[in-house]
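From first to last, the protein sequence lines stand for chains A and B. For any residue, its number in our numbering is found by taking its place in the first sequence, counting from 1, and adding 4. For any residue, its number in our numbering is found by taking its place in the second sequence, counting from 1, and adding 36. Here a beta-carbon is modelled for each residue, glycine too, at the ideal position from N, C-alpha and C. Everything below concerns the one structure shown next.
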Amino acid sequence: MISDNPIFRRESIPRFWRRASFFARTGLVSIYIALAILPTALVLTFWEEIDSTGAYLLFSFLSHWPTFLCPAIAPALVAGAISSEREQKCWDLMVLSRLTPAEIIWGKLLSRLMPLVWVTIPFIPVGITLLILSERMGPPGHMTGTWGGFDSGDYALWMILGWMTGLLVAFANGVIALYISLRCSSTRSALLIAYGVAIGAYILITMVIGMLLMFFMIPTFEPMTILSITPSLLWGVTIPAVFLTIMQRRFYRLDARVRAA
Amino acid sequence: MLTIEHLRKDYGNLTAVKDLSLHLEKGDVYGFIGPNGAGKTTTIKVCATLLEPTQGKVYVEGFDVTKKTNEVRGMIGYMPDFFGVYDDIMVWEYLDFFAAAYKIPRERRQTIIDDVLELTDLTGKRDIYVEALSRGMKQRLCLAKTLLHDPKVLLLDEPASGLDPRARVEIKELLKELKTMGKTILVSSHILPELADFCNKIGIIEQGELIVSGDVGEIMRKVQGGKGLQITLLADVEKAVALLSQLPKVKSVEQDNLCVCVQFSTDEVENSEVLQLLIKNGLQVQSFSETQVDLEDIFMKVTRGVVS
Chain A
5 MISDNPIFRR
15 ESIPRFWRRA
25 SFFARTGLVS
35 IYIALAILPT
45 ALVLTFWEEI
55 DSTGAYLLFS
65 FLSHWPTFLC
75 PAIAPALVAG
85 AISSEREQKC
95 WDLMVLSRLT
105 PAEIIWGKLL
115 SRLMPLVWVT
125 IPFIPVGITL
135 LILSERMGPP
145 GHMTGTWGGF
155 DSGDYALWMI
165 LGWMTGLLVA
175 FANGVIALYI
185 SLRCSSTRSA
195 LLIAYGVAIG
205 AYILITMVIG
215 MLLMFFMIPT
225 FEPMTILSIT
235 PSLLWGVTIP
245 AVFLTIMQRR
255 FYRLDARVRA
265 A
Chain B
37 MLTIEHLRKD
47 YGNLTAVKDL
57 SLHLEKGDVY
67 GFIGPNGAGK
77 TTTIKVCATL
87 LEPTQGKVYV
97 EGFDVTKKTN
107 EVRGMIGYMP
117 DFFGVYDDIM
127 VWEYLDFFAA
137 AYKIPRERRQ
147 TIIDDVLELT
157 DLTGKRDIYV
167 EALSRGMKQR
177 LCLAKTLLHD
187 PKVLLLDEPA
197 SGLDPRARVE
207 IKELLKELKT
217 MGKTILVSSH
227 ILPELADFCN
237 KIGIIEQGEL
247 IVSGDVGEIM
257 RKVQGGKGLQ
267 ITLLADVEKA
277 VALLSQLPKV
287 KSVEQDNLCV
297 CVQFSTDEVE
307 NSEVLQLLIK
317 NGLQVQSFSE
327 TQVDLEDIFM
337 KVTRGVVS
C-alpha cells in the first residue's frame with residue numbers, strides 16, 4: 005500500500021502544511037476552494053452575458069489547463085526527487101535502509117506528482133460548467149482545432165479524454181524525470197536534462213507518430229481526433245512501462261555509477 | 037565479524053585504497069586513523085555496500101558485501117562523515133521515518149525510538165524540528181537513526197568531526213556505551229585523542245595503504261621499539277646520564293634540564309633495577325616513570341604526511 009510507504013507519507017505533505025497551525029490550514033483550504041470555484045462562480049453570475057466569441061472561449065480555454073499544464077510541470081516536480089537528496093547528503097542513508105527500489109521509486113514518484121492532483125481539482129468545476137455551457141453554445145473553436153473536429157455531443161468525451169491523456173503524459177514525463185534524477189548528482193542538471201528529454205522527446209516522437217498515423221499508415225481513419233490523441237496515449241503508456249522496469253531492475257547499478265563518478 | 041581482504045578501490049586513474057586487509061572480531065572497536073584523503077571514507081563506504089571494490093573482498097559476518105547486499109545492510113549501521121537531515125520534520129518524525137524505512141513494525145517503533153533517544157540523550161528534543169538542532173545534536177540524531185534497527189556492526193565515519201569539545205566528549209561517551217553493548221565498531225577519525233580511549237584495535241592508513249594494524253598495546257610497543265623511562269633528578273644529571281648509558285640494551289639517553297629520558301631496545305628491563313642503580317650511586321631521584329606513547333606519537337612515527 006502506497007499509504008504505508010514512508011517516503012510517500014513524508015514527501016506528499018508539503019513543508020508549509022506540516023508547519024501550519026489549525027487556523028492557517030483552515031485559511032489555506034478556504035483560499036484553495038475559493039480559487040477552485042471562482043471561475044465557475046463568475047460564469048454562473050454572468051451566465052446570460054456570455055457570448056460565443058469572447059468570455060466563453062477564454063473560459064473554455066481554462067478547461068484545458070490540466071491537459072497541457074500537468075505534462076509541462078511534471079518534470080519540474082520530479083527532477084529533484086533523488087538528485088536533491090544526493091545534494092543534501094541524505095540519499096546514502098535512504099539507500100541503506102530496507103526500502104526496496106520499487107518502494108523508493110513509487111514513493112518518490114507519487115509523492116512528487118501529488119501537486120498535479122491539487123492543480124487538477126480546481127479545474128473540475130470549470131470543466132463541468134463548460135460542458136453545461138457547450139450544450140447551449142456548441143463546442144469552443146479551439147477545441148475543434150486541437151482535436152481535429154467533433155460534434156458538440158462528443159465534447160464531454162474529448163474533454164475527459166484530453167484530461168486523462170494529459171495526466172498520463174504528465175506521469176510519463178515524471179517517470180523520465182525520476183530516471184534522470186537517479187542518474188544525476190545535481191538537481192540543476194537533472195532539471196535541465198529532464199525538460200530536454202521529456203518535453204523534447206515528447207514533442208518530437210508524438211509528432212512523428214501522429215504524422216505517420218495520419219498520412220501514411222491509416223489515412224482514412226475517422227475521426228481524426230483519435231489519431232491526434234493516440235501518440236500521446238502511446239507515450240503515456242510506453243514510457244512509464246520501459247523506464248520503471250529499467251529503474252527497478254537496475255536501481256543500485258545506476259545509483260552506484262553516480263556515486264563512483 | 038568484519039573482514040576486508042586485499043581491498044583496492046580506484047576512481048579512474050586515482051587509487052584510493054591499495055591492498056587493504058583487516059579483520060574485526062565481535063565486540064572489537066577499531067580505530068581507523070589517517071589524514072584527510074587517505075582512503076578511510078572509501079574503505080568504509082565499500083564496507084557499507086555503497087561502493088563496489090575494484091578488487092578484493094569484504095565480508096560482514098561471512099556475507100560478501102557485493103553479493104549479499106541486503107543481508108549486509110540489515111547488519112550494519114552506517115554514519116557518514118557528512119550527512120544531511122530532513123529539516124522539515126521533528127526529531128521523532130525523523131526517527132519514525134527511518135524506523136519505517138527499516139521495516140520496524142509500527143507497534144514497536146515508539147518503544148525503539150524512545151530507547152535510542154534516551155541512549156543518545158535526545159529525549160528532551162523529541163518534539164523539536166531537526167533544523168533547530170545544533171551540529172552535535174544532529175550528529176547524535178544520526179547516530180540514533182543508525183541504531184534503530186539494532187545493527188551488529190557500526191561503521192562510523194568521522195563521527196566527531198566539526199564538533200566543539202563538549203559535543204566531542206559527548207559523542208565519545210556515547211561510543212563507549214555502544215562498546216559496552218557489544219557492538220563491533222569501525223570508527224574513522226583524524227583526531228587521535230578521540231579514539232585513544234575506547235579502541236582496542238587501530239589501523240593507520242596513508243595514501244590508501246594500511247601501514248600498521250592490530251592491537252593498540254602491541255602497536256604501541258612495536259612503534260616504541262622497547263621500554264622508555266623518564267627520570268627527573270634533583271642534581272647530578274650528567275652523572276646519571278653516564279651511568280644509564282652503560283646499561284645493557286640502552287638505545288639512547290637524552291637529557292633535558294633535570295630530566296633524563298632513557299630508551300631501551302627491549303621491554304625486558306626491570307624498572308626497580310634501574311632505580312636501584314641510581315640510588316646506590318647517590319643520585320636523588322625526584323620522579324621515575326615509564327614513557328607513555330599515545331596514538332599521536334604512533335601516527336607521527338609511522339606516517340609521512342602525504343595524501344593520495
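Quick check on residue i: does DSSP put it in helix, strand or coil?
i	result
B/Ala196	coil
B/Asp151	helix
A/Met5	coil
B/Glu206	helix
B/Ile164	coil
B/Gly250	strand
B/Glu306	coil
B/Met115	strand
B/Thr51	strand
A/Leu196	helix
A/Cys188	coil
B/Val343	Residue confidence for B/Val343 is low, a pLDDT of 48 falling below 50, so the modelled location carries little weight and cannot support an answer.
A/Ile125	coil
A/Ala83	coil
B/Gly318	coil
A/Leu103	coil
A/Glu91	helix
A/Trp279	No answer is possible for residue 279 of chain A: it lies beyond the span of chain A, which begins at 5 and ends at 265.
B/Glu213	helix
B/Leu86	coil
A/Leu182	helix
Using 10 angstroms around the beta-carbon of residue i, count the other beta-carbons present and answer buried if the total reaches 16, otherwise exposed.
i	result
B/Arg171	exposed
B/Lys103	exposed
B/His42	exposed
A/Leu161	exposed
A/Arg29	exposed
A/Arg116	buried
B/Gln146	exposed
B/Met173	buried
B/Pro187	buried
A/Ile233	buried
B/Ile125	buried
B/Asp303	exposed
B/Gln322	exposed
A/Tyr36	exposed
B/Leu214	buried
A/Glu139	exposed
A/Phe20	exposed
B/Gln91	exposed
In the DSSP assignment, what residue or residues form a beta bridge with residue i?
i	result
B/Tyr66	B/Leu222, B/Lys237
B/Ile125	Per DSSP, none; premise fails for B/Ile125.
B/Val298	B/Leu265, B/Val289
B/Phe324	B/Ile267
B/Ile40	B/Leu58, B/Val94
B/Glu242	B/Glu245
B/Asp46	B/Thr51
B/Leu190	B/Gly113, B/Ile221
B/Phe99	B/Val96
Looking only at its chain, what residues have a beta carbon closer than 8 angstroms to the beta carbon of residue i, apart from the 5 residues adjacent to it on each side?
i	result
B/Asp251	Asn236, Lys237
A/Thr124	Pro70, Cys74, Trp167, Leu171
A/Met5	none
B/Val286	Leu280, Val298, Gln299, Phe300, Ser301
B/Phe68	Lys76, Thr79, Ile80, Leu222, Val223, Ser224, Ser225, Ile238, Gly239, Ile241
Using C-beta distances below 7 angstroms, list every residue in its chain close to residue i, excluding the 5 sequence neighbours before and after it, in chain order.
i	result
B/Ser281	Val289
B/Gln320	Leu269, Leu270, Ala271
A/Glu89	Trp95, Met98
B/Lys93	Glu41, Asp100
For residue i, which residues in the same chain have their Cβ closer than 6 angstroms to its Cβ, ignoring the five residues on either side in sequence?
i	result
A/Ile86	Ser185, Leu186
B/Gly244	Thr51, Ala52, Val53, Lys54, Gly75, Ser344
Assuming residue i and residue j make a contact with CB atoms under 8 angstroms, what is their CB distance in whole Å?
i	j	result
B/Leu246	B/Val273	Not a contact, Cβ separation roughly 42 angstroms.
A/Leu135	A/Met163	7 angstroms
B/Ala196	B/Asp330	Not a contact, Cβ separation roughly 17 angstroms.
B/Tyr130	B/Val166	5 angstroms
B/Thr327	B/Cys297	7 angstroms
B/Phe324	B/Leu313	Not a contact, Cβ separation roughly 11 angstroms.
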